[in-house]
Structures are given as C-alpha cells and as structure tokens.
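Accompanying notes for the structure given below.
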Amino acid sequence: MTSPAAPPASESDLPTQYDPAEVEEELYQRWLDAGYFHADESRVLSGERTPFSIVLPPPNVTGNLHVGHALDHTLMDILSRWHRMSGDEVLWLPGMDHAGIATQSLVEKQLAAEGLTRHDLGREKFIERVWKWKEESGGAILGQMKRLGDSVDWSRERFTFDDGLSAAVHTIFKKLYDESLIYRAERIINWCPGCATALSDIEVDHHDDDGELVSLRYDSSDPADEFSIVVATTRVETMLGDTAVAVHPDDERYAALVGRTVTLPLVGREIPIIADAHVDPEFGSGAVKVTPAHDPNDFDIGQRHSLPTIEVLGADARIYGTGTQFDGMDRFVARKAVKAALAEAGHVVGEKSPFSHAVGHCSRSDDVVEPRLSLQWFVNVEPLAKAAGDAVRDGRTRIHPPEMAARYFDWVDNMHDWTISRQLWWGHRIPVWYGPDGEVRCVGLDEDPPTGEGWRQDDDVLDTWFSSALWPFSTMGWPEQTDTLKAFYPTSVLVTGYDILFFWVARMMMLGLEGMKDNAKGNQPFDVVALHGLVRDQYGKKMSKSRGNVVNPIEWIDRYGADALRFTLARGANPGSDQAIAEDWVRGSKSFCSKLFNATRFALMNGASVPSSPVDRSAGSAADRWILSRLDAVIGETTSLLADFQFAKAAEGLYHFAWDEVCDWYVELAKAPLYSGGTEVEHTRAVLGTVLDSLLKLLHPFIPFVTESLWTSLTGGETLVTAPWPAVSGQESDAAAAAEIGDVMALVTELRRFRSDQGLAPSRRVPARIGWTSSKQAPDSGLSVAASTRSLVRFTEPEESFCASATVEVPLSLGTVTVEIDTSETIDVAAEIARLDKDLAIARKELELADKKLGNTAFTDKAPDAVVDKIRARRETALADIDRISERLAALGSVTNEDGGSAGSKSAESRSAE
RNA sequence: GUCCCGGUAGCUCAGUGGUAGAGCAUCGCGUUUACACCGCGAGGGUCGGCGGUUCGAAACCGUCCCGGGACACCA
123 MTSPAAPPAS ESDLPTQYDP AEVEEELYQR WLDAGYFHAD ESRVLSGERT
173 PFSIVLPPPN VTGNLHVGHA LDHTLMDILS RWHRMSGDEV LWLPGMDHAG
223 IATQSLVEKQ LAAEGLTRHD LGREKFIERV WKWKEESGGA ILGQMKRLGD
273 SVDWSRERFT FDDGLSAAVH TIFKKLYDES LIYRAERIIN WCPGCATALS
323 DIEVDHHDDD GELVSLRYDS SDPADEFSIV VATTRVETML GDTAVAVHPD
373 DERYAALVGR TVTLPLVGRE IPIIADAHVD PEFGSGAVKV TPAHDPNDFD
423 IGQRHSLPTI EVLGADARIY GTGTQFDGMD RFVARKAVKA ALAEAGHVVG
473 EKSPFSHAVG HCSRSDDVVE PRLSLQWFVN VEPLAKAAGD AVRDGRTRIH
523 PPEMAARYFD WVDNMHDWTI SRQLWWGHRI PVWYGPDGEV RCVGLDEDPP
573 TGEGWRQDDD VLDTWFSSAL WPFSTMGWPE QTDTLKAFYP TSVLVTGYDI
623 LFFWVARMMM LGLEGMKDNA KGNQPFDVVA LHGLVRDQYG KKMSKSRGNV
673 VNPIEWIDRY GADALRFTLA RGANPGSDQA IAEDWVRGSK SFCSKLFNAT
723 RFALMNGASV PSSPVDRSAG SAADRWILSR LDAVIGETTS LLADFQFAKA
773 AEGLYHFAWD EVCDWYVELA KAPLYSGGTE VEHTRAVLGT VLDSLLKLLH
823 PFIPFVTESL WTSLTGGETL VTAPWPAVSG QESDAAAAAE IGDVMALVTE
873 LRRFRSDQGL APSRRVPARI GWTSSKQAPD SGLSVAASTR SLVRFTEPEE
923 SFCASATVEV PLSLGTVTVE IDTSETIDVA AEIARLDKDL AIARKELELA
973 DKKLGNTAFT DKAPDAVVDK IRARRETALA DIDRISERLA ALGSVTNEDG
1023 GSAGSKSAES RSAE
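So in our numbering, the last one in the first sequence is 1036, and the numbering has no gaps at all.
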C-alpha cells in the first residue's frame, strides 16, 4: 500500500471559489468585440457552411425579462452555441415587437398623469411621443438578454415597426388584398369598450362569470290572435335590438307559431317568429330572442332570414338610438333598468335563475367584450390555415414534441376569419384610401396615395400580430430577395412556449407560407417548432403577481450568475412540459459551476494539459481508459439528445458525468499517479486535460461563462464560442476497464459503508489485511489507490496481529476480495450484528424470490434467456451472501463471547493504531 | 360542454414490460493538500384507487377519483 505522495510542486493562485460577477460582463463584451455572434451569409451561399438560423420571438417593447423568457432564451442559446461549435453558420436574430395596444395604453397612462389624452395631442404628435418613449425606455429586455449571455447577432436587431418591417407589412397587405384574402366587411366582432377597439378571437379570454338568466314573455302583436312566447337571456338590454324570435324547425310546441308576430315590449316593434336549426330545443324554453347586431349567432340567423340589424349599443357600450328612456345608459346600468321596466310591465316570468356562463374579457384590459356589429378588416384565413395545417401534415414543419401537433391542428382546422383592424394609433396604418365617391383603393408600397379632393386614408392600424406573423422573413429583408433570406430562410427551429402556439406560431405559418410561397429552399417559416413548457414556482403553481411568487431572473443572475440560472432552467426543460423552479435549485447549479471550477483548479495545479495529438485511448491505467471510454459515450449521448431537443436529459447527463464520474472517481483515482512522480504522470495529465477540455466544451452551450473562463485558463485557447464540438472517437467502449473500475467502486463503496457503520472516522487509518480468493491478480488501481486519498478509504498495513477483527468480503468480477480490518478499538458489535441480520434477511428474501420465479415454468419457458440467466445469477449471489453473512455472524458472536462484552470495553487498551 | 396533459420518496421530477431512480430536503460521521458552494454513509415509496391483459405491470387496456390546462357563440 502506498502512502500519499507529497503535493504537487506548483501551487495555484486561483481562489477556491468561482465568482460569476467577476467574469460574466467582461466575457460577454469580449465575445461581442470579437464578432463571434455575427452571421455571414456568404459562407452559406458559397456552400462552405450549413446554415442554422433562429429568429428570436420578439419580446414586447414594453417588456422585461421574466423567467419564462430566460428559459426560452437559454434553450435558443444552447442550440445556437452548439451549432456554432459544430461548424454551422449560425444566425440568431434578435428584435422587439411594437406591441400595439400594450404600448399605446402605457403611453396613454403617462399622458393621463399629465391630464392629457391622445386626442389632445393628435395622431401625429401622439405617435412621436410613443417613439420617444420607445427610444428612452423601451427595450430594457435587450440589455437583460446580454446578462443572460444570449449569443444573438446584434447587428441585425429589428423592430416590428421599423421602416423595413413596415414595408414588409405593407407589401403583404397589398398582396393579400389583391388576392381577396383581405377584405372589409360589417361583421360581428369582439369589441372592447375600454380600449375602444376591435379585438381578434385570441385577444379574448373566456372565463365563467355569474350572470342571471332572465325569462321574458313576448306577446302576440295581433289582438285577434292571442298567444305568447317565452325567451331567456343574460343580456337583457339587448332585447331593445331584437328583430325576431327563433325556434327550432322541428319543435312541435312552436310549429304553429312560426310565421306569426309578437310585439317587442318597451319598444313596440313587431317582430316575426322564425324557425332556425341553430336553436337548441332542449335549452330554456326552446325559443330564443334574435339580436343580429349584438350576437354572432343571431347575426348568422339574421343573415339567413334577411332580418334587419338594429344596433342599440355604441362604441362606448352605451345604449343609443332606441328612442327609449334607456338611451345613454351604460350597458350594465341598462341591464338592470330594462329588466326593471320589463318586470313592471309584467314581461318577466318565472323564477330568477342565477347562471354561470362563459363571458369574454379583453385580454388586455379585462373589460367584458361586447359582440358588436362593426365595419372592420379581416383576413380570410381558410386557404392560409389549410396551407398551415398541410405544412405540418406533410412534414415540412415538424412540431416537437409531436403530441403538441394535435393542438395545432385543432386550431388551424377551426379558425375563424381574423379581425386585423384596430382602432388605435400605434401600429401599421392600413394602406387603403377611400375616395369621395365611395372608391376604395389599396395602395401598394411603390405607388403614391391618391391626393385628390375628398380622398382619405383608413384611420385604423393593423393588429400587432399581423406584423409579428411576418417576423421570420420580414427581419431578413423581405420583400427584397436578400442574401440573408437566401442563406437563412426557412429558419431551422422556432423555440417557444406552447402557450403561444396559436397566437403566434399558427400565424407565422400562415403568412410565412404565403409570403415566401415561391422560395426555392421551402416556404415554411421553420423546419421545427420546439415547444417548451411554462416556468412555475417550486410548488408547481403558476407565477402571478397576486400570488406573489413571481421571480425576477435578473436578481438570481446577480446572486448566482447567469450560468446557474441557465443550467437550472435547462435541467428542468423536458419537452412540452412545465417546470418548477426555486432559488435553492439555482444555488445548487452554482455549486455545480464551483465544482467545475475546482476540478479545473486541481487540473491546473497538477499540470494537466490538452495534448496536441489525441491521447492514446488504449494506454494508461484502467481509470484512464475507463474515463475516456465514458467521455466518448457522453459526447455521443449529449449530441443526440440536443439534436432531439432533450435539453433536460442532456444537462442531467453532463451533470452526473462531471460530478459523479469525473470529480468523484476519476480525479480521486488520478491522484495516485499524479502524486507518484512516476512515468505515468504525463499520461494521466494528458487524460485529465482531455477529459476536462471536452467536458467544458460539452457544457459550454449550457453554461457559457464559467466554461469559457475555465477553458481559456486550462488550455490557453482563445475562446470556446467557436471551438470545435467534441467528436466521438469511433472506438468501442473499453469494457474491461469499465469492469475493473466497477470493481474498485464496489470495493471502495463497501468498505466505506462498513466503516460508516462502525463509526470509523473517514480520516482515520485503520489496519487492514487484504486478500483475494481468486488466483487472479488484484488490479493495480484497487486498494493501493483506495487507501490513499480523501474521498476513497484509508487503510494501513498492520504491523502486528489484530486483537479483534472483522472481515469484509466483496464479490468482484476479478474474484472476491477479503478485507480483514482491525476493529479492536471501535467496532460496535451490536450495530454490526444488526446490520448483518438485516443483510441476511434481504439475501433470504432474494433467494425466495428467485426460487419462486425459477420454479415457475411459464417464466422459464417464455421469458428471454438473458432474463432467466440474470435471475439464476441472482440466486447464486443470494446463496453465497447467506453463507458469508452467517459465517460472519457466527464469528462476531464468538468475539463477543470470548471477550465477554462489547468491543467498546477494549478501546482503552489499544489506541495506538494510528 | 368538448378535448388534452398529469398523479412515482417530504418537495420538484426522470423512468415505453424484467428486483423502484435523481436533485433538493432529512439523519449520522468527517476538514484527508481541487472543492464545506465539500466528502462519505444512511433512512425514506403497497409508483392515485379498483378491475383486466401477461410468466412478469409504475409502464399496456378499462373504469373511477384528484389535480392542471386548452378550446367553446348554448341564448
């Protein structure tokens, strides 16, 4: 057994802890200065490199980095950095969204604080004001992205409202208009009275509100023909705009009434009873009031039956134009007032019934959305949505994980026309002019708008999502046929949360396929859509302001470093599923960074270096061959996991390799040769250097800062950003080395357990004798190493015979090793017996189970041989264990008996062992 | 109302038919010259319930219960 050699000659000045604050900012600046993140089209167009492109989902200009962004960005950065290291030409294109309503209302709030409204400023001044705000305070998130380490090409930063993108918006509008895919029509749309604008379906959230279902009796309008009919409604005030009552055509209760008329109470209008299949005879009374101007279904019914539409609610959601006392009332006030008036007139029948039903709310202001007849611009989505569905169906775009595709199809296959006009000022103005004689002219980008008397441009702007739907190609210079488009469209992957699959992904698909229809390399905006989940708090709860569990990722970056946050997020990023995060876990990731830091420190202190030619994988100790073999496997696994967007598994695999195998075993095993001063030193240094070099490269996409900092000091290299991604050796894994090291691990672990059970301090050397039951030679790296260092076990060779001893036998592939340990001073016989009893019980149970299985002919017949053999082997092991343990129990019993007491009583006699 | 996803250790989650795993937390021991942001050891789970398929089920099927989410014009 060797004793530890002297520490290495060269001491390191490195501190013992990694401090992210010290390096991150400087490193990021160095990366920017070197231009590593800059993409070069020419290298793609020349065929020199394969393109890899990602467009950053543009955050709102009003936004701040939240932990969801941090996840999104981390994953994109992992992919970008990995591909960059793999030799691809990487374009990760950043930018921001002008965020129509959100930005406008923010600036309007500022104005309100000054006692102004946007109308006081006028359109032009207001927009100037918003731009000013954008320049001064917009885009805080871009600076935060730098903290996170995003390797985006800043030279290409875009804004959905900049000139180029505005040109793209204008161009596609004109194109769709000319193809009649954009049209203007009077339709029932979602109207937000608070924002005073139309909304698309996805800007409306439905949640259950308590309402009251009121039953109203409408009476015959013909005194000679007395009858009445009962209808139910939750929006009583809309009855002022009723123009019919509808029943189901097959409903026999009402068959006789169809075609007759009733008088609308309070208003006095005579309205018909009609039959329409939309009516559900089972619901309520089976008869429904029809208000075509304020309900989408009723509007459809009205169209089918040529009913008049009578608007009774204005843009401000007040009653107007009815000629009743309700004019001017807010809708909710009117709801009560109309009901009271109807009740007084005896038209409210039946019991009040509380009624919980889904009510649409504005996703921005939370106002109750009012379905309202309005003249708006729409996209006819049918052909576009079909194309969007087909692109996924035929595999041009792959959705990952595949389960999520069902949700995508649900959406694109059932899409309503998209309302794209907004009654706002901050946005792309609709390029349509109206002439004095009712002409409508959509003006192209290169045309001059009509200037004659009476011509005016449409006041409305386009939905924010209209411009962001163009993002994958508008940012690359479309409608110009730029080199960027030629090189990088279609984009390689879109990384985003599944929550905006509909909002954004489906729309980019529709407009990308349309706008890039004739693109030679494919019209789809992305080859893959990789969806991740939401970040939740440590209890799996959604983060929200009201819960008070929202975390600010920048605070965690300040405290633990960007790498720690990134690694935590990556480790939790299982495809498509939500993840929980807690500060403790970020702290844990920082520990991991420190562990790497210290492993590298150890390597530097011991002269490790990366050899100029690949290290000989068949040379060196079993430990050397084993770790190189493992490294090879880890390189392969990591690479294929990344290719499959399995970020969590890739990160987890690297974590365990780095910590459990490299640090806990290889570094410990390497100490013996490193400290020995023997001829094997150089080889071990080369292996250690090789392993760390590759490990830092593999980890660089996940934790770029710490790896860059460590790698440059380890190798003297310039940067990891463009360093080549490790390649697998192509050699078979070294099974012999793996078996041998497996033996060492088993032996050491067993001895540690024994020592722990005996209460022997890990640092104390205990006399022991080692023997092999096999004729085979014990492995070099076995006990001599095991005896030498901190985290392995320590024994010394005994100088004299033991007063009392215990024997640990460990079955290994090379034979069974027995370790006889002097236990005279510390052994706790009672504890040892208890432990052995327990082991014996386990072994007996094993034997019983194995016998039961093997006794089952169905099992031995049908199960694969390998499984049966495994059970047989298990049975043998159990039998051997039972024998061994029984013997030891007997021996222990004799120790106790001979000495007439527990070992504790002997402690005083022999304290000399150390 | 329709659909989707979950339920595995105290917590958060892996685990696609062959003896139940990780991180954190807990308990015990410990500073031995990379690292106390550390090391070693230990405890802890009838894999939501009940049926079924199978030699064998955490996994496959059925059903129920409990969470989470998406979609939806039922007046």
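Ideal Cβ placement from N, Cα and C applies to all residues, glycine included.
- Does DSSP put His522 in a helix, in a strand, or in coil? Look at His522 here: in three-state DSSP terms it is strand.
* Assign Thr172 to one of three DSSP states: helix, strand, or coil. => Coil, per DSSP.
Is the distance from the Cβ of Met598 to the Cβ of Ala510 below 8 Å?
Cβ distance not < 8 Å, so Met598 and Ala510 don't count as in contact.
Closest Cα partner of Arg269 within the set Gln646, Ser851, Ile223 and Leu187: Cα-wise, what sits closest to Arg269 is Leu187.
Check for me: the beta strand (DSSP E) holding Leu213 runs from which residue to which?
Its beta strand (DSSP E) spans residues Glu211 to Leu215.
### Message
Please tell me whether Ile863 and Trp748 are closer than 8 Å, where the distance is taken between their beta carbons.
### Response
Yes, Cβ-Cβ distance for Ile863 and Trp748 is below 8 Å.
Q) What do you reckon, are the CB atoms on Ser342 and Phe349 nearer than 8 Å? A) Between Ser342 and Phe349, the C-beta gap is smaller than 8 Å, which places the two residues in contact.
Just to confirm the assignment: which complete alpha helix (DSSP H) runs, minimum length 4, are found wholly within the stretch 940 to 995?
Runs of the alpha helix (DSSP H) inside the stretch 940 to 995: 951 to 977 and 979 to 984.
Boundaries of the alpha helix (DSSP H) in which Thr196 is found, first to last residue
Where Thr196 is concerned, the enclosing alpha helix (DSSP H) stretches over Val189 to Met207.
Compute the Euclidean distance between the alpha carbons of Lys974 and Ala980, then round it to the nearest angstrom. About 11 Å.
Need the endpoints of the beta strand (DSSP E) that Gly333 sits in, please.
Run containing Gly333: Val326 to Ser342, per the beta strand (DSSP E) assignment.
Within 10 angstroms of its Cβ, does Lys819 collect 16 or more other Cβ (buried), or is it exposed?
It is buried - the Cβ of Lys819 has at least 16 other Cβ atoms within 10 Å.
_At the level of alpha carbons, what is the spacing between Gly261 and Thr844?_
Cα to Cα, Gly261 sits roughly 28 Å from Thr844.
Margin query: With a threshold of 7 Å on Cβ separation, who are the neighbours of Asp141 within its own chain once the five nearest residues in sequence on each side are excluded?
Written below: For Asp141, there are no CB contacts under 7 Å within the same chain when 5 residues up- and downstream are skipped.
**Message:** For Gln266 and Asn536, what's the separation of their Cα atoms in angstroms?
**Reply:** Approximately 38 Å between the Cα atoms of the pair.
Beta-carbon gap between Ile432 and Gly363 smaller than 8 Å:
Closer than 8 Å, so yes.
*Simplified DSSP state of Arg877, which is helix, strand or coil*: Reduced to three states, the DSSP call for Arg877 is helix.
message = I'd like to confirm the pairing. Which residues does DSSP put opposite Val481 in its beta bridges?
response = When DSSP reads this structure, Val481 sits in a beta bridge with His329.
Relative to the C-alpha of Ile966, which residue among Ile1004, Asp944 and Glu998 is closest?
-> Per the sequence presented here, residue 966 reads as Arg, with Ile not at that position. Each of Ile1004, Asp944 and Glu998 was checked against the Cα of Arg966, and the nearest Cα belongs to Ile1004.
* **Whole-angstrom distance between Arg658 and Leu791, CA atom to CA atom** => A straight line joining the alpha-carbon of Leu791 with that of Arg658 spans about 41 Å.
Quick one: give me the first and last residue of the alpha helix (DSSP H) that Ile749 is part of. In the DSSP assignment, Ile749 falls within the unbroken alpha helix (DSSP H) covering Ala744 to Ala765.
Please state whether the Cβ-Cβ distance between Ala695 and Ser711 is less than 8 Å.
Cβ distance not < 8 Å, so Ala695 and Ser711 don't count as in contact.
Discussion item. For Ile351 and Val367, which I take to be in contact (beta-carbon distance under 8 Å), what is that distance rounded to the nearest angstrom?
Written reply: With a Cβ gap of about 6 Å, Ile351 and Val367 count as contacting.
| request: Would you identify the three-state DSSP class for Phe283, choosing helix, strand or coil? | output: In the displayed model, Phe283 falls within coil according to three-state DSSP, outside both helix and strand.
Check Glu146 in the structure and name its three-state DSSP category.
-> If DSSP states are grouped into helix, strand and coil, Glu146 belongs with the helices.
Can you list the beta strand (DSSP E) stretches of 3 or more residues lying completely in the stretch 335 to 399, in chain order?
As for any beta strand (DSSP E) of minimum length 3 sitting wholly inside the stretch 335 to 399, the runs are 350 to 355, 366 to 369, 383 to 385 and 392 to 397, ordered along the chain.
Taking 8 Å as the limit between beta carbons, can you name the residues of its chain near Tyr158, skipping five residues before and five after? Contacts found: Arg206, Ser273, Thr841, Val843 and Thr844.
Report task. Sort Leu178, Leu971 and Phe689 by Cα distance to Gly619 and report the nearest one. Result -> Considering only alpha carbons, the answer is Leu178.
- Item | Beta carbon of Thr319 nearer than 8 Å to that of Leu546 | Taking 8 Å as the Cβ cut-off, Thr319 and Leu546 qualify as a contacting pair.
ask   = Looking at the unbroken beta strand (DSSP E) that takes in Ala652, where does it start and where does it end?
value = That run of the beta strand (DSSP E) goes Phe648 to His654.
### Query
Can we say the stretch 288 to 299 touches the stretch 457 to 475, given the rule of at least three CB pairs closer than 8 Å?
As far as the Cβ criterion goes, the stretch 288 to 299 does not touch the stretch 457 to 475, which means the pair count is below three.
Q | alpha helix (DSSP H) segment containing Phe588, residue limits | A | First-last of the alpha helix (DSSP H) with Phe588: Thr586 to Ser590.
Status (buried if at least 16 other CB within 10 Å, exposed otherwise) for Ser164
It is exposed - the Cβ of Ser164 has fewer than 16 other Cβ atoms within 10 Å.
According to DSSP, what are the bridge partners of Glu308?
Answer is Leu497, bridged to Glu308.
**Item:** Rounded C-alpha distance that separates His654 from Gly698
**Value:** Per the coordinates, the alpha-carbon of His654 lies some 4 Å from the alpha-carbon of Gly698.
Exercise. What do you reckon, are the CB atoms on Lys663 and Tyr611 nearer than 8 Å?
Worked result: One thing to note: Lys663 has its Cβ no nearer than 8 Å to the Cβ of Tyr611.
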